[in-house]
Amino acid sequence: RILSSDCTEGLCNASQSPVFDIDDTYTKTLLIGVVGCVVLIPVFMIIVFIWKRQCKPPSTDVKLPVVLMIHTPSRASHLKSVISLAEYLKNHCYIEALLDQLDVQTTESKDPWTWCNNAFARADFVMVISSPPKCCNEEGIFRNMDLVALRFLKEKFSSG
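Each residue of the sequence shown is one higher than the last, beginning at 1 in UniProt numbering.
Right under this line is the structure:
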């Protein structure tokens, strides 16, 4: 009950709020809800933390598959397509594509025969690309490199 401070002629206004009966069940329900939230939120956070620790992304030291690409540089358009394929395999498929047109210049010796021998030793897979017939005396940068690579491949299969 609240009495007004503005009293005139001995009369004071009084204000009273209605009475609300709160049962004991509401208090228990509220207590269970608060305790449940206080307990469940940390438990949920611990579960998420453990799950994230176990679902780590694969380590970056995974060895990429190495593919040696053998082709005949018979036409400029075909050579451009093969180079585009090698770049696509490297950039989008996470495959280390070995192609004489791209890789021989990056070696120390710059010798295509040495590069071919080393490429065969490193390769996990060999991709032989069907090339169109030669046209207009186009040879590519490394002459007869495709024949040497195919000979290496034949020797590798025949030796076991």
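Every residue gets a Cβ at the ideal spot worked out from N, C-alpha and C, and that includes glycine.
None of these values were measured; they are calculated from a predicted model.
How close, in whole Å, do the beta carbons of residue i and residue j come, if the pair is a contact with beta carbons under 8 Å?
i: S115; j: D103; result: In the sequence under discussion, the amino acid at residue 115 is Trp, which differs from the Ser named in the question. Rounded, the Cβ-Cβ distance is 6 Å, consistent with contact.
i: S131; j: S74; result: 5 Å
Here's the rule I'm using: 16 or more other beta-carbon atoms within 10 Å means buried, otherwise exposed. How should residue i be labelled?
i: L31; result: exposed
i: F152; result: buried
i: F27; result: A small fix is needed here, since residue 27 is Thr in this sequence, not Phe. Result: exposed.
i: I46; result: exposed
i: D6; result: exposed
i: P112; result: buried
i: H78; result: buried
i: residue 189; result: Residue 189 falls outside the range modelled here, since the chain spans only 1 to 160, and no answer is possible.
i: T29; result: exposed
Could you spell out where the alpha helix (DSSP H) holding residue i opens and where it closes?
i: F20; result: Segment: none, F20 is in no alpha helix (DSSP H) and carries neither H nor E.
i: C116; result: P112 to R122
The beta strand (DSSP E) with residue i in it runs from where to where?
i: A97; result: E96 to L98
i: V104; result: No beta strand (DSSP E) holds V104; DSSP gives it neither H nor E.
In chain order, what residues of the same chain have a beta carbon less than 6 Å from the beta carbon of residue i, not counting five sequence neighbours either side?
i: E96; result: L64 and V66
i: L98; result: L68 and A119
i: V128; result: I70
i: R122; result: V66
Among residues of its own chain, excluding the 5 on either side of residue i, which ones have a beta-carbon nearer than 8 Å to its beta-carbon?
i: Q54; result: none
Handout entry: Start-end ranges of the beta strand (DSSP E) lying completely within the region 61-88, minimum 3 residues
Key = As far as the region 61-88 is concerned, its whole beta strand (DSSP E) runs of at least 3 residues are 66-70.
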